[in-house]
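In our numbering, the protein residues as written are 2 to 744. For each residue, glycine too, the CB sits at the ideal point set by N, CA and C.
And the structure:
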């Protein structure tokens, strides 16, 4: 797995960033309207060889990869550059692949800056009059009519409506209504329908990347404004009505950017679902860029709507980019056709994808993870059964000591635990592959899941004695841990803890109460947030308290999602000082690391979304009184949206895991995974609950029954480990630099 760009890619990215910063100011952008084309900037890009990025070297180009083109599109998007970069890059490559003297001559003119070529998005035979991106400035249009690929020059430009409606919006990308039947010349090329389809796929990929960065620019601008603008005596960024809107948009747009990268990787690997990924990407990027730019514009209030201000530029540019590509939901329906097969009576879609070249990035877990996955599958063949799968749900916590010790012996319970302490010492990627494989069998084990997070806190911040004493026992599946964070009056505000730790000789007495201590009824040690001084943040101390002793008691809480959690009580619980983690009154620092560890992997939500999608598809394919539910377009959209959200959560999770493993983790990235994953699981399961009614009124282990369970279980996922509102606040503050909205 590698998410680090190559030196060549970084150079391209930084070079274009400098060019656009200098030559794509708000004033320059507005000066190009209503057409939306800056000739001076275009000439600079031609001199840099940008339109030739994807043209083979033996035809005068750079022969660079699809990832290079995507990075160029990103920078053009962030700068709102008024140039047809994407259209030219794609059209020039298609000319190079088509061959022939006419294509070669036009390509030579395009690479020299003497001409600009674009492509029509729809079949010229069925739609001769269509809105063509860059059609207002193109000297030639590449068209497909039936199976024939052609170059059309001197195409008639149709007048925009007389009242000027649409000119500003569409002109932002130099789009133009063209009559493709009315051209000065037409030259048929040897290129195939498949080559043209691949070019259209590349156009959508690069366009989606542009959309993501247009939206990111809008979010950044709104965040900067929210840090300065005051209303009612406070900076508006201090209001969660502002900061949470931006945090939500940032999460979704960052997911769109990563999904574009992931799609490049899938195309390069020729993965079977690459075309479906591309269709989901366009839908996700288009819908969320539109919502993000609209939300960001509204942060500026009335100024956002004023044409002399820059705030509205992002909204109009994103709107033009997505609208020229048609209704985004059509791409989501295409994704459904590709993922689940066409609806009854419909033909299977024909798709083609471009050659990607050497893209450098790699989202795959790798060979070690593949081997670990096979080990987990072998374990499931020996130990898995339908009865065990049902037990994992019916038992409320999936606690099976014998099974868990067998998993530990096989190196599958805590895969990352270092060998020096009795663990297998696997990589985080291998651990993720193991969790995914066990989840496919319905093995959701609460106790090991919590312990897996907390042993890492011991390893990170515990004393040598604590590591030597406890980690080998944890590795063997002999002891388990729980979190003692939440209290009755503080909820997610863990720094408001009142549970007191007071000195007693060379140890401590803990007194207080914790809420929602999941696994606290089976744990041997609880990681306790305690108050040792009055100061809210400087008075926190952490202990790994032994709880199999007098002074500890538990009361059961059962939840709507078939979970057991607990109220835990501490009455003069004696804790030797050697169980303290970190300095006295220095718990905030340790807790920050603990939270980072907790949020470093979000594959939990990926697995739940994947399970939900499988169950819904199983139900949808069963014939009913009115036919198969899978033929209902509403359900197909919901299934594909669930798959898309799973993919977005997955790329955010993989980025978080990779960054944590390579020491590049940023504070907001883990919360992004938690926010996207939990909210997606809840929202998708609620939508499917309604669409599959009344079957989802009944409980069950598969199909509609699993949808019903997910709809209940997912609610708590938006609350535990920090509510979605807390995650949005962290993202806003750490990711966008907005002021704190809580004390």
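C-alpha of residue 525 to C-alpha of residue 475: approximately 10 angstroms in a straight line.
Here DSSP, grouped into helix, strand and coil, assigns residue 548 to coil.
In the structure shown, the three-state DSSP call for residue 145 is strand.
Collapsing the DSSP output to three states places residue 270 in a helix. The alpha-carbon of residue 190 is positioned some 49 angstroms away from that of residue 680. Going by C-alpha positions, residue 468 is about 29 angstroms away from residue 675. Bounds of any beta strand (DSSP E) do not take in residue 56, whose DSSP letter is neither H nor E.
Scanning its chain for C-beta atoms nearer than 8 angstroms, with the 5 sequence neighbours on each side dropped, one finds around residue 668 the residues 597, 731, 735 and 736, in chain order. Closest in C-alpha terms to residue 392, from the list 35, 701 and 69, comes 701. Cα atoms of residue 374 and residue 408: separation of roughly 13 angstroms, rounded to the nearest angstrom. Residue 448 sits in a helix when the DSSP states are folded into three classes. In the DSSP assignment, residue 231 forms a beta bridge with 236. If you look at residue 727, you'll find it in the alpha helix (DSSP H) that goes 725-731. Annotation for residue 483: no alpha helix (DSSP H) segment contains it, though the beta strand (DSSP E) segment containing it runs 482-485.
Residue 197 has its alpha-carbon roughly 7 angstroms from the corresponding atom of residue 145.
Looking at the DSSP output, residue 153 bridges to 142 and 187.
Residue 3 has 363 as its beta-bridge partners, per DSSP.
The Cβ atoms of residue 133 and residue 93 lie no closer than 7 angstroms to each other.
DSSP places residue 634 in the helix class (H, G or I) of the three-state scheme. Residue 591 and residue 260 do not touch by the CB rule: their CB atoms are close to 34 angstroms apart, not below 8 angstroms. With respect to the C-alpha of residue 402, the residue from 7, 79, 481 and 529 having the closest C-alpha is 481. Burial state of residue 338 is buried, judged by a 10 Å Cβ sphere holding 16 or more other Cβ atoms.
In the DSSP annotation of this structure, the continuous segment of the alpha helix (DSSP H) that includes residue 318 starts and ends at 312-325.
When the alpha-carbon of residue 179 is set against those of 186, 151 and 136, the nearest one is in 136. Inter-segment contact for the region 454-469 and the region 493-503 is absent: fewer than three beta-carbon pairs are separated by less than 8 angstroms. DSSP places residue 65 in the coil class of the three-state scheme, outside both helix and strand. Boundaries of the alpha helix (DSSP H) harbouring residue 21: 8-24, taken from the DSSP string. According to DSSP, residue pairing for residue 553 in a beta bridge involves 571. Taking C-beta separations shorter than 8 angstroms and ignoring five residues to either side along the sequence, the partners of residue 540 in its chain run 532, 533, 534 and 586, following chain order. About 19 angstroms separates the beta carbon of residue 645 from that of residue 693, a gap too long to meet the 8 angstroms contact definition. The Cβ-Cβ distance between residue 159 and residue 125 does not fall below 7 angstroms. Excluding five sequence positions before and after residue 363, the CB atoms of its chain that fall closer than 7 angstroms to its own CB belong to 2, 3 and 266, given in chain order. In the structure shown, residue 226 adopts helical secondary structure according to DSSP, grouped into three states.
Using a Cβ distance threshold of 7 angstroms, residue 99 and residue 318 do not count as a contacting pair. Annotated three-state conformation of residue 683 is helix, per DSSP.
By alpha-carbon distance to residue 294, the top candidate from 442, 270 and 224 is 224.
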